[in-house]
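So for the sequence shown, our numbering puts the first residue at 1; every next one is plus one.
We put the beta carbon where it would ideally sit given N, CA and C, even for glycine.
The structure displayed is predicted, hence computed values, not measured ones.
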Amino acid sequence: MIILKLGGSILTKKDLEDPEVNYANLNRIANEVKTAFDNKSNNPVLSEGLIIIHGAGSFGHPPAKKYGIGEAFTEEQYPKKRIGFSITQNCVKKLNTLICDVFIDHEIPCVSVQASSFITTKNKRINSFNLDLIEKYVNEGFIPVLYGDVVLDDDLKIAVLSGDQILQFIAKNLKIKTSKINNSQSKKEVILGTDVAGVFNKNPKKYDDAEYIPKLSSLERIEKFDSTTNIDVTGGMIGKIKELLELADIGIESKIINANEPKAILNALEGKKVRGTVIKRDN
Ligand code: ADP
Numbered sequence: 001m002i003i004l005k006l007g008g009s010i011l012t013k014k015d016l017e018d019p020e021v022n023y024a025n026l027n028r029i030a031n032e033v034k035t036a037f038d039n040k041s042n043n044p045v046l047s048e049g050l051i052i053i054h055g056a057g058s059f060g061h062p063p064a065k066k067y068g069i070g071e072a073f074t075e076e077q078y079p080k081k082r083i084g085f086s087i088t089q090n091c092v093k094k095l096n097t098l099i100c101d102v103f104i105d106h107e108i109p110c111v112s113v114q115a116s117s118f119i120t121t122k123n124k125r126i127n128s129f130n131l132d133l134i135e136k137y138v139n140e141g142f143i144p145v146l147y148g149d150v151v152l153d154d155d156l157k158i159a160v161l162s163g164d165q166i167l168q169f170i171a172k173n174l175k176i177k178t179s180k181i182n183n184s185q186s187k188k189e190v191i192l193g194t195d196v197a198g199v200f201n202k203n204p205k206k207y208d209d210a211e212y213i214p215k216l217s218s219l220e221r222i223e224k225f226d227s228t229t230n231i232d233v234t235g236g237m238i239g240k241i242k243e244l245l246e247l248a249d250i251g252i253e254s255k256i257i258n259a260n261e262p263k264a265i266l267n268a269l270e271g272k273k274v275r276g277t278v279i280k281r282d283n
């Protein structure tokens, strides 16, 4: 099974305050997903299933930031927070609809799965997420599409749930059986398409001398932490790497690739070699 994350930086114009889809990227990537999925018998891992998760980009981060979703608040502030929650939930839902519209135009059998309708967190970490339905959709040949959202939180009442955390939870916990006879489990591959060529020792968009890191096993080699834009409420690249190191701890490798590059997603889904940073622990 492949779990593919399409970053908000790829599918939206993330540095804009006003939400805007990057249709050039979305159409190209939809084409690549369609081609790979149609030929999935060529890649045994893909033929076991595909789940897509997308970020919130310029649809989710600005309202979540404006209303301080995820920050502590008083009872008097709750009415305003609720509205902020509603606005953010609605914005990311719209983005998901626009993405699924394009996927369906390309005849991709996607099914939208809304985190806020059934996932909850405790102090910003997932504590309730029933994967049964997702497993059933995958087994029926659908491609579930999840996305970064706002959710109810047991401690904070409401919180932002990043697509990267959803990806981590699914990769860790979803069990797709490949054989009914011996109960064997599907191999999991995690691919993240973002707008840079992988992980560098500092932000390559800001520093010309940033060094590319082909294999990452800890946060040690990263000198400076910052996110793409000041509107990211989920930790940007560093938040992503932390989630992926959790997967590395249990032996699941992931790879961050540049989805701006034509065919990078296609080649990754087809199991071909693609340049990017592999996140795995040293053995
Ligand atoms: P996405 O929206 O695709 O999930 P993010 O915006 O969260 O991705 O993270 C990708 C961004 O992280 C890149 O655009 C890059 O500018 C920024 N970034 C910050 N630090 C680094 C780093 N050390 N290596 C690579 N990218 C970094």
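Per DSSP, I143 is not a residue of any alpha helix (DSSP H); the beta strand (DSSP E) it occupies stretches across I143 to Y147. L46 carries a helical assignment under DSSP once its states are collapsed to helix, strand and coil. When DSSP states are grouped into helix, strand and coil, K240 belongs to the helix group. By the CB criterion at 7 Å, I108 and K34 fall inside the cutoff. T178 carries a coil assignment under DSSP once its states are collapsed to helix, strand and coil. Looking at the backbone, the Cα of L146 and that of K172 are separated by about 16 Å. In terms of CA proximity to N27, N260 leads the group F73, N42 and N260. When the five nearest sequence neighbours on each side are left out, the beta carbons in the same chain lying within less than 6 Å of the beta carbon of S186 are those of M1, E48, I176 and T178, in order along the chain. Annotation: E189 is outside any alpha helix (DSSP H); the continuous beta strand (DSSP E) that includes it extends over E189 to T194.
S117 is the residue among S117, D208 and S9 whose C-alpha sits nearest the C-alpha of D149.
For the 7 Å CB-CB criterion, L6 and H54 form a contact. Around the CB of I83, fewer than 16 other CB atoms lie within 10 Å, so the residue is classed as exposed. T277 carries a strand assignment under DSSP once its states are collapsed to helix, strand and coil. Here Q185 is bridged, per DSSP, to K177. Residue environment for D132: exposed (fewer than 16 other C-beta atoms within 10 angstroms of its C-beta). In the DSSP assignment, no residue is bridged to L269. Scanning R221, I52, E17 and Y212 for the CA closest to the CA of P63 turns up E17. DSSP places T74 in the coil class of the three-state scheme, outside both helix and strand. Look at F200 here: in three-state DSSP terms it is strand.
Taking C-beta atoms as the reference points, I158 and F59 fail to come closer than 7 Å.
Closest in C-alpha terms to I250, from the list E270, D282, I238 and I69, comes D282. Closest in C-alpha terms to F169, from the list N201, F129, I143 and L192, comes F129.
When K65, L247 and P204 are compared, the shortest CA-CA separation from L167 is found for L247. Per DSSP, V160 lies in no alpha helix (DSSP H); the unbroken beta strand (DSSP E) holding it starts and ends at K157 to L161.
Relative to the Cα of D153, the nearest Cα in the group L174, I143, I241 and K122 belongs to K122. For S9, no beta strand (DSSP E) encloses it; the enclosing alpha helix (DSSP H) starts and ends at G8 to L11. Counting along the chain, R28 sits inside no beta strand (DSSP E); it lies in the alpha helix (DSSP H) bounded by residues Y23 to D38. A30 is classed as buried because its beta carbon has at least 16 other beta carbons within 10 Å across all chains shown.
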